[in-house]
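So for the sequence shown, this note's numbering puts the first residue at 1457; every next one is plus one.
Think of the CB as a built atom: it goes at the ideal place given N, C-alpha and C, for glycine as much as any other residue.
No experiment lies behind these values; they were computed from the predicted model shown.
Here is the structure we will look at.
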Amino acid sequence: MLTINQLTKQFKVGSPVFSNFDAEYKPGRVIGIVGPNGSGKTTFLRILSVNSFPTSGNVHYNGNNIHESPSAYLQHVGLIHDEETLPVHLSAAELLEWILRSRTLWTDESVKNIESIFERLNLAEKDEQIGTYSTGMKKKTQIAAAFITNPDILIMDEPLRGLDKETRTVVYDLIKNQKKNNNSLILMSSHSMDTGDEIFDEILEFPLRS
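Structure (structure tokens):
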């Protein structure tokens, strides 16, 4: 359970991005975070991924404040950032191995699982350095890294941006499988209500109204 209490975010100048927002999100749900660019979607997801702090209010996961215990919380999270912040000197395969090992999730099946997700995403360059990748290849790497741990929570900021139709279909299938097989809570932002609306259980429309 992800519980949001009186969440407010305000930068130094201007009105709050959102204020006094309350919500509860249960496992096994796909939440669509929709709205135009600049409406606060990324700010909201950055708070939920502990990349930003709220001005006031708090977020709890299973009763624990995520900003007070970020490491424990992030062990349960798969994340696709709005920015392509990836280690350029690692290959995609090495990145996924590092993620699994850092969470003590490496098993005899891990190599096969890494091969499988890259095959599904059609990333043949998985053994080349990420610094040589195109934008679309980096996005595929982010997607693979987010899903490889079978996280309890998936936070995805515009995960379909820059992807071709075939890869978008693969991502939809990954989301559906993650929800069905792992009972994960999934929060996915989109600038359009039409993007992914068939998989959303609930839509949170931005800008938020208190």
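Where residue i falls: helix, strand or coil (DSSP)
i: ALA1721; result: This structure leaves residue 1721 out entirely; the chain is present only between 1457 and 1666.
i: TYR1517; result: strand
i: MET1612; result: strand
i: ASP1572; result: The question names Asp, but residue 1572 in the sequence shown is Ser. Helix.
i: GLN1466; result: coil
i: ILE1487; result: strand
i: GLU1658; result: strand
i: THR1511; result: coil
i: LEU1501; result: helix
i: LEU1641; result: strand
i: ILE1631; result: helix
Contact belief for residue i with residue j at Cβ below 8 Å, rounded distance in angstroms
i: VAL1506; j: ILE1489; result: Contact doesn't hold; Cβ gap of about 17 Å is too wide.
i: LEU1458; j: VAL1515; result: 7 Å
i: LEU1542; j: ASP1613; result: About 14 Å; that fails the 8 Å criterion.
i: LEU1577; j: VAL1626; result: 6 Å
Pair within 8 Å by beta-carbon distance, residue i and residue j
i: THR1605; j: LEU1561; result: yes
i: ALA1601; j: LEU1643; result: no
i: THR1511; j: LYS1468; result: no
i: MET1683; j: LEU1579; result: What the structure shows of the chain is the stretch from 1457 to 1666, and residue 1683 is not part of that stretch, so it cannot be assessed.
i: GLY1491; j: PHE1474; result: no
i: ILE1599; j: LEU1546; result: no
i: THR1591; j: GLU1539; result: no
i: ILE1503; j: ASP1478; result: no
i: GLY1513; j: LEU1556; result: no
i: PHE1509; j: ALA1548; result: no
i: LEU1535; j: ILE1611; result: yes
i: HIS1647; j: ASN1493; result: yes
Contacting residues, own chain, Cβ-Cβ under 8 Å from residue i (five flanking each side not counted)
i: THR1588; result: GLU1581
i: ILE1487; result: TYR1481, LEU1641, ILE1642, LEU1643, MET1644, PHE1656, ASP1657, GLU1658, ILE1659 and LEU1660
i: ASN1569; result: ILE1604
i: PRO1526; result: VAL1506
Nonlocal neighbours in the same chain, by C-beta distance under 7 Å from residue i, ignoring five residues either side
i: LYS1635; result: GLY1484, VAL1486 and ILE1642
i: GLY1618; result: THR1591, GLY1592 and LYS1595
i: GLU1524; result: none
i: ASN1639; result: PRO1483 and GLY1484
i: PRO1607; result: HIS1532, VAL1533, GLY1534 and SER1640
Residues near residue i by beta carbon distance below 6 Å, same chain, minus five either side
i: TYR1517; result: LEU1458 and TYR1529
i: THR1499; result: LYS1465 and VAL1473
i: ASP1583; result: SER1547 and ALA1549
i: SER1566; result: LEU1556
i: PHE1662; result: GLY1491, SER1495, GLY1496 and LYS1497
Review point. Can you list, in chain order, the stretches of the alpha helix (DSSP H) that have 4 or more residues and sit fully within the stretch 1536-1610?
Key: 1548-1558, 1566-1577 and 1591-1603
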